[in-house]
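Shown next, in structure tokens, is the structure this report addresses.
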Amino acid sequence: MKIWDLKEQRNVANFTGHTGAITSISFSENGYYLATAADLISTAADDACIKLWDLRRLKNFKTIQLDEGYQIKDLCFDQSGTYLAVAGTDVRIYLCKQWQELKVFNDHTATATGVRFGKHAHYIASTSMDRTLKLYGLQ
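Under the working numbering, the very last position in the sequence shown is 145; numbers go up by exactly one each time.
Here it is as structure tokens:
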């Protein structure tokens with residue numbers, strides 16, 4: 007993955023770490039962090055992970071290991087940078103301060119394909135291959 011400085015029009019960093027094609031990215035609200043996920047179906051990797059990158063220091067600072075076979079389809083920071091949501095085999099919410107799993111929602115009957123936060127992260131919406139949209143309260 008290459009990071010470009012648009013003002014200077016040059017490559018400032020090359021991040022390595024994912025073995026599969028990167029399928030989802032999300033910037034934190036302040037632009038300090040980038041979360042990435044890769045498509046593990048196209049690789050021989052045994053486990054799924056989310057890589058968190060510090061864009062000020064230009065390095066990976068955290069890797070969140072997910073269950074073996076977990077398919078990550080989407081991820082999204084909330085507007086305040088407090089939470090990171092992950093859609094895939096289920097829907098997961100992480101608390102960014104400690105990077106710990108806060109909640110897991112298993113209501114979809116097929117893979118969750120998208121996730122977004124509502125205003126002030128009071129709720130999240132998720133979409134799925136089961137052709138449903140689910141709303142979850144976080145308070």
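Ideal Cβ positions, reconstructed from N, Cα and C, are used throughout, including at glycine.
{"Asked": "Can you tell which of Lys103, Cys55, Lys8 has its C-alpha closest to the C-alpha of Gly26?", "Found": "Cys55"}
{"Asked": "With DSSP run on the structure shown, which of helix, strand or coil describes Gln44?", "Found": "According to the sequence shown, residue 44 is Ala rather than Gln. DSSP places Ala44 in strand when its eight states are reduced to three."}
{"Asked": "For Lys68, which of helix, strand or coil comes out of DSSP?", "Found": "strand"}
{"Asked": "Going by CA-CA distance only, name the one from Lys65, Ala43, His126, Met7 that's closest to Gly87.", "Found": "His126"}
{"Asked": "Using a Cβ-Cβ cut-off of 6 Å (strictly less than) and excluding sequence neighbours within five positions of His24, which residues of its own chain qualify?", "Found": "Ala44"}
{"Asked": "Assign Lys125 to one of three DSSP states: helix, strand, or coil.", "Found": "helix"}
{"Asked": "Whether or not the segment 9 to 22 and the segment 69 to 88 are in contact is what I'm after, with contact meaning three or more pairs of Cβ atoms, one per stretch, closer than 8 Å; do they touch?", "Found": "no"}
{"Asked": "Express the C-alpha separation of Ala93 and Cys102 in angstroms, rounding to a whole number.", "Found": "16 Å"}
{"Asked": "Report the rounded CA-to-CA distance for Thr42 versus Leu141, giving the unit in angstroms.", "Found": "24 Å"}
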